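Taken in order, these protein sequences are the chains called A and B.
Once you know that position 557 of the first sequence is 557 in the numbering used here, the rest is easy, because the numbers rise by one and skip nothing.
Once you know that position 387 of the second sequence is 387 in the numbering used here, the rest is easy, because the numbers rise by one and skip nothing.
There are 2 protein chains.
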Amino acid sequence: MYRSHNCGELRAADINKEVTLAGWVQKSRDKGFMIWVDLRDRYGITQLIFDEARTDENMMQRARSLGREYVVQIKGTVIERESKNLNIPTGEIEVLVNELTILNEAQLPPFTIEDETDGGEDLRMKYRYLDIRRNPVKNSLLFRHKVTQEVRNYLSNLDFCEVETPYLIKSTPEGARDFVVPSRMNPGQFYALPQSPQTFKQLLMVGGLDRYFQIVKCFRDEDLRADRQPEFTQIDCEMSFIEQEDILKVFEGLTRHLLKTIHNIDITQFPRITYDEAMAKYGNDKPDIRFGMEFGELNAAAQHKDFSVFNHAELVVGIAVPDAASYTRKQIDALIDWVKRPQVGASGMVYCKCELDGTFKSSVDKFYDQADLAKWAEVTGAKAGDLILILSGPANKTRAQLSALRMELANRLGLRQPNEFAPLWVMDFPLLEWDDETGRYHAMHHPFTSPKKEDIHLLDSEPGKVRANAYDLVLNGNEIGGGSIRIHDKETQALMFKHLGFTTAEAQEQFGFLMNAFQYGAPPHGGLAFGLDRLVAILGGQETIRDFIAFPKNNAGRDVMIDAPATIDNAQLDELSLVLNIKG
Amino acid sequence: MYRSHNCGELRAADINKEVTLAGWVQKSRDKGFMIWVDLRDRYGITQLIFDEARTDENMMQRARSLGREYVVQIKGTVIERESKNLNIPTGEIEVLVNELTILNEAQLPPFTIEDETDGGEDLRMKYRYLDIRRNPVKNSLLFRHKVTQEVRNYLSNLDFCEVETPYLIKSTPEGARDFVVPSRMNPGQFYALPQSPQTFKQLLMVGGLDRYFQIVKCFRDEDLRADRQPEFTQIDCEMSFIEQEDILKVFEGLTRHLLKTIHNIDITQFPRITYDEAMAKYGNDKPDIRFGMEFGELNAAAQHKDFSVFNHAELVVGIAVPDAASYTRKQIDALIDWVKRPQVGASGMVYCKCELDGTFKSSVDKFYDQADLAKWAEVTGAKAGDLILILSGPANKTRAQLSALRMELANRLGLRQPNEFAPLWVMDFPLLEWDDETGRYHAMHHPFTSPKKEDIHLLDSEPGKVRANAYDLVLNGNEIGGGSIRIHDKETQALMFKHLGFTTAEAQEQFGFLMNAFQYGAPPHGGLAFGLDRLVAILGGQETIRDFIAFPKNNAGRDVMIDAPATIDNAQLDELSLVLNIKG
Chain A
1 MYRSHNCGEL
11 RAADINKEVT
21 LAGWVQKSRD
31 KGFMIWVDLR
41 DRYGITQLIF
51 DEARTDENMM
61 QRARSLGREY
71 VVQIKGTVIE
81 RESKNLNIPT
91 GEIEVLVNEL
101 TILNEAQLPP
111 FTIEDETDGG
121 EDLRMKYRYL
131 DIRRNPVKNS
141 LLFRHKVTQE
151 VRNYLSNLDF
161 CEVETPYLIK
171 STPEGARDFV
181 VPSRMNPGQF
191 YALPQSPQTF
201 KQLLMVGGLD
211 RYFQIVKCFR
221 DEDLRADRQP
231 EFTQIDCEMS
241 FIEQEDILKV
251 FEGLTRHLLK
261 TIHNIDITQF
271 PRITYDEAMA
281 KYGNDKPDIR
291 FGMEFGELNA
301 AAQHKDFSVF
311 NHAELVVGIA
321 VPDAASYTRK
331 QIDALIDWVK
341 RPQVGASGMV
351 YCKCELDGTF
361 KSSVDKFYDQ
371 ADLAKWAEVT
381 GAKAGDLILI
391 LSGPANKTRA
401 QLSALRMELA
411 NRLGLRQPNE
421 FAPLWVMDFP
431 LLEWDDETGR
441 YHAMHHPFTS
451 PKKEDIHLLD
461 SEPGKVRANA
471 YDLVLNGNEI
481 GGGSIRIHDK
491 ETQALMFKHL
501 GFTTAEAQEQ
511 FGFLMNAFQY
521 GAPPHGGLAF
531 GLDRLVAILG
541 GQETIRDFIA
551 FPKNNAGRDV
561 MIDAPATIDN
571 AQLDELSLVL
581 NIKG
Chain B
1 MYRSHNCGEL
11 RAADINKEVT
21 LAGWVQKSRD
31 KGFMIWVDLR
41 DRYGITQLIF
51 DEARTDENMM
61 QRARSLGREY
71 VVQIKGTVIE
81 RESKNLNIPT
91 GEIEVLVNEL
101 TILNEAQLPP
111 FTIEDETDGG
121 EDLRMKYRYL
131 DIRRNPVKNS
141 LLFRHKVTQE
151 VRNYLSNLDF
161 CEVETPYLIK
171 STPEGARDFV
181 VPSRMNPGQF
191 YALPQSPQTF
201 KQLLMVGGLD
211 RYFQIVKCFR
221 DEDLRADRQP
231 EFTQIDCEMS
241 FIEQEDILKV
251 FEGLTRHLLK
261 TIHNIDITQF
271 PRITYDEAMA
281 KYGNDKPDIR
291 FGMEFGELNA
301 AAQHKDFSVF
311 NHAELVVGIA
321 VPDAASYTRK
331 QIDALIDWVK
341 RPQVGASGMV
351 YCKCELDGTF
361 KSSVDKFYDQ
371 ADLAKWAEVT
381 GAKAGDLILI
391 LSGPANKTRA
401 QLSALRMELA
411 NRLGLRQPNE
421 FAPLWVMDFP
431 LLEWDDETGR
441 YHAMHHPFTS
451 PKKEDIHLLD
461 SEPGKVRANA
471 YDLVLNGNEI
481 GGGSIRIHDK
491 ETQALMFKHL
501 GFTTAEAQEQ
511 FGFLMNAFQY
521 GAPPHGGLAF
531 GLDRLVAILG
541 GQETIRDFIA
551 FPKNNAGRDV
561 MIDAPATIDN
571 AQLDELSLVL
581 NIKG
């Protein structure tokens with residue numbers, strides 16, 4: 001036994017006990033006749049004391065030699081601390097050391113192992129094992145474990161069975177780019193790493209497993225944006241003999257359970273809005289509803305005067321920024337500059353101040369009188385003291401721009417509190433979306449999503465108008481989960497592939513196994529997948545997912561700690577029947 | 001709601017209830033005026049009844065049209081069954097159907113969906129989703145889930161934190177062959193899929209996580225023997241500030257918990273033997289101790305007479321087969337033929353019958369008298385009525401041969417009962433083993449295993465004699481887990497790589513990140529990994545692991561259901577900077 005207690009557990013009740021502790025030297029203070037050392041492990045910090053009067057000189061010397069992050073084991077007596085530190089649970093005691101063993105020395109770490117470190121992102125990634133010693137990262141990993149345990153227990157209690165689906169599967173052209181794995185035993189052939197276990201979980205439903213889940217790694221070889229990882233984790237779920245309502249109920253229950261268990265927050269019923277409604281009200285299919293600023297469409301209220309910018313716009317739409325009528329000209333100009341940035345792309349912005357005295361002051365006073373502006377205030381829900389900001393142009397683009405502005409203002413105004421949680425369901429997504437680049441429709445969710453029965457007749461005439469039995473779970477402006485009721489018969493699945501531009505032969509080659517399976521008695525089924533990395537980060541009140549991933553990769557897909565990917569031997573390539581062909 | 005109850009839950013107490021059920025048609029019996037249908041789902045089977053007297057003719061017709069594996073939904077009334085079937089929990093009732101909906105038709109399945117199917121292995125793999133409908137496979141998957149949930153809860157309660165380590169890592173030449181993954185973003189470079197999260201879990205210990213576990217897929221690109229899979233699952237565990245005894249205690253506790261929870265078997269303390277002892281007593285480092293037949297070494301008792309075969313042998317060793325003295329000459333000759341098979345490779349076998357009258361009759365009576373043979377009986381522990389079987393030759397080879405014979409006899413004699421469980425620890429494995437092919441020592445466990453302190457001085461002089469702080473957990477003749485106390489300082493790790501034939505530069509390039517990490521304060525640590533597939537199969541009383549894997553691959557590493565691996569587009573290869581180079 002290396003220790004009788006960990007560094008977080010000794011209390012006043014333990015005074016006079018003989019204990020053995022082991023851990024890392026967090027810091028030491030040397031006052032000559034006394035040396036105090038903070039000994040740290042995963043569970044906490046305990047203060048050690050070496051006292052000239054009670055410790056032999058040799059041990060005083062050795063205590064003096066301890067550097068930061070040395071690994072030590074001590075034996076000693078728990079004593080009452082003279083100056084208590086009530087900020088930490090062990091702060092009433094200290095341990096008078098009578099035996100000291102240095103288990104391992106340590107070089108000076110390249111950054112401080114403190115909650116607020118002086119290490120930059122790159123350095124922290126290279127020495128991730130040191131970064132993990134810091135409370136913010138360590139606690140994020142412990143938190144992730146707690147969440148996954150809660151998820152597993154919750155779903156298991158509801159008869160969900162966790163099944164491991166294969167990692168070495170088949171590459172498909174639909175969707176994002178696959179990572180592939182050359183097969184040595186089958187020269188010229190490749191496995192692919194799964195982007196999700198989608199088809200396998202559907203086959204488990206065909207297999208009668210009824211309720212499946214899996215917390216599983218998925219892979220996408222995409223150009224990485226910030227905060228995207230080539231490997232990520234899903235809570236993947238599927239149920240049979242269910243309707244959409246059953247699925248929403250189960251996973252709303254799970255989310256409610258997590259919010260309750262982790263944050264002691266009770267949320268009774270999650271609001272639901274349709275995709276169309278979300279786009280109209282928030283310009284966004286994953287709206288943050290912790291704050292208002294809902295869109296007010298001003299076409300009717302603004303297109304009857306001589307202001308040609310509005311008159312020629314497909315959409316005129318505004319939001320009321322609470323208590324912002326007092327913004328200075330300079331502040332407003334800054335906002336106008338902000339919306340003109342290439343990332344947002346608006347060409348201009350109109351504002352209207354709703355003064356406290358009930359009058360209005362707008363940047364287009366030349367065209368609109370007080371009655372017009374009062375109408376704008378009514379439509380956008382602005383009250384006295386608010387500032388109305390208005391964008392105009394093509395509908396979709398303008399909505400996206402105003403959504404970006406709405407989020408920016410919410411951030412600036414501190415309306416996005418990480419400890420406040422506002423989930424909602426967004427329903428009735430479009431089945432297909434047009435892609436200019438490939439000149440065809442793509443599945444908005446994936447090709448296995450079922451169209452709404454009442455919309456199927458539109459598939460040929462107006463495919464963009466067909467709604468899907470698809471739903472997203474949104475939390476604080478992030479999509480944390482998404483799913484659908486699946487197609488479960490061969491004919492509809494074949495029709496779907498046809499509309500996605502597959503020939504019959506292509507569909508059969510890629511997804512024949514699934515369509516065949518549907519011919520042997522597939523039950524109605526559907527499911528949902530949560531993005532675990534994001535879910536855990538949001539539940540943990542964080543913006544970025546990296547601290548919740550033990551060993552993340554950087555934006556170039558590299559693990560800088562182990563220096564991967566790397567070259568491999570020619571012999572290894574040869575065994576795989578491959579040669580390199582690097583251009584440029 | 002597709003159903004009010006599942007097909008396994010209705011009981012006599014539910015009689016007169018109106019219910020909705022959904023499931024698959026297991027079979028139907030048509031007596032003209034009455035039709036019975038067995039409706040099946042994951043949870044059980046409920047009998048439906050269509051009765052001419054109480055059911056309209058149209059529905060009788062539709063009931064008649066139901067084929068095997070059709071997916072149907074019914075509404076009806078629970079009634080008492082006339083001829084009760086007490087073999088199934090729902091056997092006291094049946095449901096008189098008043099509404100029938102066919103949710104999906106089904107083609108005739110290619111094999112029967114019964115506990116004993118007429119489908120061969122290949123067909124079952126191709127239609128695995130149908131195979132999963134069969135109880136033996138379905139129950140194996142549910143059992144696996146139960147075991148993993150127990151493992152997770154047990155370890156979580158002991159403060160173990162499950163951490164997901166990366167799947168896209170770096171290829172290393174040590175150990176088995178890696179699967180590699182070309183990186184599009186880093187042309188000419190490859191990730192590797194992990195053979196185990198070994199280095200990452202050690203880095204988590206350096207990171208202070210203290211107690212880690214993970215149920216995780218691992219990958220080995222090896223020529224597949226029967227019952228080996230290219231992807232397999234480990235319960236991977238690691239602890240800090242521990243000695244070997246602490247690890248044995250925790251994982252013995254886990255195994256005991258599983259045996260208790262799953263089979264209600266109490267096993268107090270697991271026996272422990274050393275590797276040397278296991279080899280001497282059983283010729284095997286994973287002995288099945290559910291039965292005796294321990295080896296008796298007969299050199300002293302047999303090398304003093306004129307039988308040159310024994311006199312020239314390095315080892316003469318025998319086992320006592322219980323109650324086999326009555327074997328006929330023909331039976332014994334068959335055993336002699338059996339040990340001469342190439343898979344065993346013995347050149348001959350000597351036997352000695354211990355007759356019930358206390359006399360002995362051996363195949364070498366010419367050389368040995370009754371007193372000699374009595375001595376053999378004493379050494380092998382043979383009692384009257386037993387048959388002593390003796391092999392001789394080079395020690396290691398002969399032990400392996402006798403071990404194979406021992407297992408074969410135990411199988412024939414029914415001594416390996418799947419519902420009896422006999423775990424044991426095998427300790428003190430050699431650190432290194434000589435490999436003739438590469439002409440160097442290899443790590444028996446892996447290069448991170450620590451040598452026993454008292455043996456380190458032998459590293460240069462007699463490396464084969466150095467024992468490791470390594471241990472295996474053996475259950476019923478299978479290694480279900482293995483682990484070690486790790487090296488935790490850079491010097492010892494560098495020394496180890498040197499002895500494995502690495503140059504300093506090679507060691508640094510491959511494992512520099514780990515050796516560097518050791519310089520920043522690594523704690524003493526060690527761990528263990530269970531092979532989950534095997535563990536679950538043995539706990540489930542099965543010999544083969546396939547039924548416990550949802551979608552296994554065949555011996556050529558192919559998933560015959562989805563037909564993977566497969567060729568990929570040239571465009572895809574091009575993006576990866578690769579071209580094919582297939583020989584022959």
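Glycine residues also receive a C-beta, built at the ideal position from the N, C-alpha and C atoms.
Since this is a predicted model, take the numbers as computed values, not measurements.
Integer Cβ distance of residue i from residue j, believed to fall under 8 Å
i                : j                : result
Ala22 (chain A)  : Arg3 (chain A)   : 5 Å
Ile74 (chain A)  : Leu100 (chain A) : 5 Å
Leu209 (chain B) : Val163 (chain B) : 7 Å
Strand pairing of residue i, partner residues [DSSP]
i                : result
Glu18 (chain A)  : A:Thr77
Asp435 (chain A) : A:Arg440
Trp425 (chain B) : B:Arg272 and B:Leu473
Met239 (chain A) : A:Arg211 and A:Gly526
Asn478 (chain A) : A:Leu475
Ala468 (chain B) : B:Pro451
Three-way DSSP call (helix, strand, coil) for residue i in this model
i                : result
Lys27 (chain B)  : strand
Thr46 (chain A)  : strand
Thr504 (chain A) : helix
Arg341 (chain B) : coil
Val137 (chain A) : helix
Lys126 (chain A) : helix
Met279 (chain A) : helix
Ala522 (chain B) : coil
Met589 (chain B) : Any question about residue 589 (chain B) goes unanswered here, given that chain B covers just 1 to 584.
Pro463 (chain A) : helix
Phe513 (chain B) : helix
Arg546 (chain A) : helix
Tyr368 (chain A) : coil
Host alpha helix (DSSP H) of residue i (start-end)
i                : result
Asn104 (chain B) : Taken as a continuous stretch (DSSP letters only), Asn104 (chain B) belongs to no alpha helix (DSSP H), being part of the beta strand (DSSP E) at Ile93 to Asn104.
His499 (chain A) : Lys490 to His499
Ser196 (chain B) : Here Ser196 (chain B) belongs to no alpha helix (DSSP H), and DSSP marks it neither H nor E.
Met59 (chain A)  : Glu57 to Arg64
Extent of the continuous beta strand (DSSP E) run through residue i
i                : result
Arg440 (chain B) : Arg440 to Ala443
His525 (chain B) : His525 to Gly531
Ala302 (chain B) : No beta strand (DSSP E) contains Ala302 (chain B), which is instead part of the alpha helix (DSSP H) from Asn299 to Ala302.
Phe310 (chain A) : First-last for Phe310 (chain A): Ser308 to Asn311, but that is the alpha helix (DSSP H), not the beta strand (DSSP E).
### Task
Closer than 7 Å, Cβ to Cβ, to anything on chain A: give me those residues from the segment 91-108 of chain B, in chain order.
For the segment 91-108 of chain B, which is checked against every Cβ of chain A, the residues closer than 7 Å are Leu103, Asn104, Ala106 and Gln107.
### Query
Quick one, which residues of the segment 486-498 of chain B are near chain A if we go by CB-CB under 9 Å, in chain order?
Among the residues of the segment 486-498 of chain B, those with a Cβ less than 9 Å away from any Cβ of chain A are His488 and Asp489, in the order of the chain.
### Message
Which residues of the segment 158-183 of chain A have a Cβ closer than 9 Å to any Cβ of chain B? Give them in chain order.
### Response
Of all residues in the segment 158-183 of chain A, the ones placed with a Cβ closer than 9 Å to any Cβ belonging to chain B are Asp159, Phe160, Cys161, Glu162, Val163, Glu164, Thr165, Pro166, Tyr167, Leu168, Ile169, Lys170, Ser171, Pro173, Arg177, Asp178, Phe179, Val180, Val181, Pro182 and Ser183, in chain order.
### Query
Listed from N- to C-terminal order along the chain, which residues in the segment 432-461 of chain B have their beta-carbon within a distance smaller than 8 Å of any beta-carbon of chain A?
none
### Task
With 8 Å as the C-beta to C-beta threshold (strictly closer), list the residues of the segment 409-426 of chain B near chain A in chain order.
Identification of residues in the segment 409-426 of chain B having a C-beta nearer than 8 Å to some C-beta of chain A yields an empty set.
### Message
So if I threshold CB-CB distances at 8 Å, which residues from the segment 502-526 of chain A count as touching chain B?
### Response
Phe513, Ala517, Phe518, Gln519, Tyr520, Gly521, Ala522, Pro523 and Pro524
### Query
Of the residues that make up the segment 571-583 of chain B, which ones have a beta carbon closer than 9 Å to any beta carbon in chain A?
Gln572, Leu573, Asp574, Glu575, Leu576, Ser577, Leu578, Val579, Leu580, Asn581, Ile582 and Lys583
### Task
For the segment 13-47 of chain A, enumerate the residues whose C-beta is nearer than 9 Å to any C-beta of chain B, in chain order.
Ala22, Gly23, Trp24, Val25, Arg40, Asp41, Arg42 and Tyr43
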